[in-house]
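Position in the sequence shown (from 1) plus 161 gives the number in this note's numbering.
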Amino acid sequence: MGKLALVAKITHVPSMYLSELDGPRKGSRQDAINGHIEIGRRCRALGVDTIVVFDTHWLSNFGYHINANPLHRGVFTSHEAPQMVQDLPYDLPGDTPLAEAIAEEAAGAGLNVIAHRVASLGLEYGTIVPMHFMNPDGFARVVSVATPLFTSVEESRVLGEAKRREIARCPGRVAMAE
Numbered sequence: 162m163g164k165l166a167l168v169a170k171i172t173h174v175p176s177m178y179l180s181e182l183d184g185p186r187k188g189s190r191q192d193a194i195n196g197h198i199e200i201g202r203r204c205r206a207l208g209v210d211t212i213v214v215f216d217t218h219w220l221s222n223f224g225y226h227i228n229a230n231p232l233h234r235g236v237f238t239s240h241e242a243p244q245m246v247q248d249l250p251y252d253l254p255g256d257t258p259l260a261e262a263i264a265e266e267a268a269g270a271g272l273n274v275i276a277h278r279v280a281s282l283g284l285e286y287g288t289i290v291p292m293h294f295m296n297p298d299g300f301a302r303v304v305s306v307a308t309p310l311f312t313s314v315e316e317s318r319v320l321g322e323a324k325r326r327e328i329a330r331c332p333g334r335v336a337m338a339e
């Protein structure tokens with residue numbers, strides 16, 4: 162039986178990444194960075210295997226999408242703010258079985274949800290920036306969930322319940338970050 166080990170409301174502002182770089186913003190987001198590092202430390206201490214991220218910058222006009230790739234690897238430049246996040250490398254394991262199980266469970270509950278295994282489907286900065294600090298060495302697998310522009314509280318509840326059921330069925334420990 163799986164376990165929901167940790168839930169965190171997190172920030173993903175691009176200035177966190179800028180805070181690491183030489184320049185006028187260096188150190189400006191250190192408190193937020195330290196918070197993410199602490200969340201990562203707690204995840205390790207709790208034996209978290211997978212972090213599910215609700216990525217508010219992976220926007221969808223057509224239902225919910227889940228990145229089910231077994232590996233997330235690339236170099237990211239934000240299409241939204243390329244002056245803030247550019248050439249940020251990431252290399253994180255995915256959790257295909259959990260991603261697909263969540264999508265199947267949510268679709269069975271009536272939601273328009275698709276889990277994608279598409280090698281060219283990268284992550285967005287709402288996932289990459291937090292993982293850069295919380296999971297820099299990829300100790301935990303990552304599942305990224307898109308946020309539909311047009312959804313309801315009821316649909317979000319149905320998706321949340323589907324995630325809860327599948328996390329309880331999965332063999333490991335899961336953290337959720339939103």
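Every residue gets a Cβ at the ideal spot worked out from N, C-alpha and C, and that includes glycine.
Enumerate in chain order the residues of its own chain whose CB-to-CB distance from residue i is below 8 Å, with the five nearest sequence positions on each side excluded.
i      : result
Val335 : Gly163, Lys164, Leu165, Ala166, Val209, Asp210, Thr211, Ile212, Val213, Leu259, Ile328
Val174 : Arg190, Ala193, Val290
Asn296 : Gly201, Cys204, Ile212, Leu253, Val303
Arg330 : Met162, Gly163, Ala262
Ser176 : Arg186, Ser189, Arg190, Met245
Val319 : Ala267, Ala270, Gly271, Leu272
May I ask you to list the residues that DSSP assigns as paired with residue i?
i      : result
Leu249 : Phe237
Ile275 : His226
Phe311 : DSSP, once it has assigned bridges, lists no residue as partnering Phe311.
Pro254 : Leu232
Return the first residue and the last residue of the beta strand (DSSP E) that residue i is part of.
i      : result
Leu320 : That residue, Leu320, is in no beta strand (DSSP E); its alpha helix (DSSP H) goes 314-330.
Leu167 : 164-169
Arg190 : Careful: Arg190 lies outside any beta strand (DSSP E) and carries neither H nor E.
Val335 : 334-338
What number of angstroms, rounded off, separates the C-alpha of residue i from the C-alpha of residue j?
i      : j      : result
Cys204 : Ala169 : 10 Å
Ile194 : Phe294 : 7 Å
His233 : Pro185 : 31 Å
Leu272 : Thr257 : 19 Å
Ala270 : Gly255 : 24 Å
Ser239 : Val274 : 25 Å
Ser317 : Phe311 : 11 Å
Gly321 : Glu339 : 12 Å
Thr288 : Met337 : 11 Å
Asp248 : Gly333 : 32 Å
Leu207 : Met292 : 17 Å
Glu199 : Asp298 : 15 Å
For residue i, which residues in the same chain have their Cβ closer than 7 Å to its Cβ, ignoring the five residues on either side in sequence?
i      : result
Pro309 : Ser221, Gly224, Tyr225
Arg326 : Glu266
Asp183 : none
Gly235 : Tyr251, Gly283
Phe300 : Arg205
Leu179 : Arg186, Met245
Looking at residue i: is its Cβ nearer than 8 Å to the Cβ of residue j?
i      : j      : result
Phe237 : Tyr286 : yes
His218 : Glu241 : yes
Val314 : Ile227 : no
Ala268 : Asn230 : no
Could you please give the first and the last residue of the uninterrupted alpha helix (DSSP H) stretch that includes residue i?
i      : result
Val214 : Taken as a continuous stretch (DSSP letters only), Val214 belongs to no alpha helix (DSSP H), being part of the beta strand (DSSP E) at 211-221.
His293 : 286-295
Ser281 : Run containing Ser281: none; DSSP gives neither H nor E here.
Gly269 : 257-269
Ser176 : 176-179
Given residue i, which residues of its chain have a CB within under 6 Å of its CB, disregarding the five upstream and five downstream residues?
i      : result
Thr146 : Missing from the structure shown is residue 146; the chain here goes from 162 to 339 and no further.
Lys324 : Ile263
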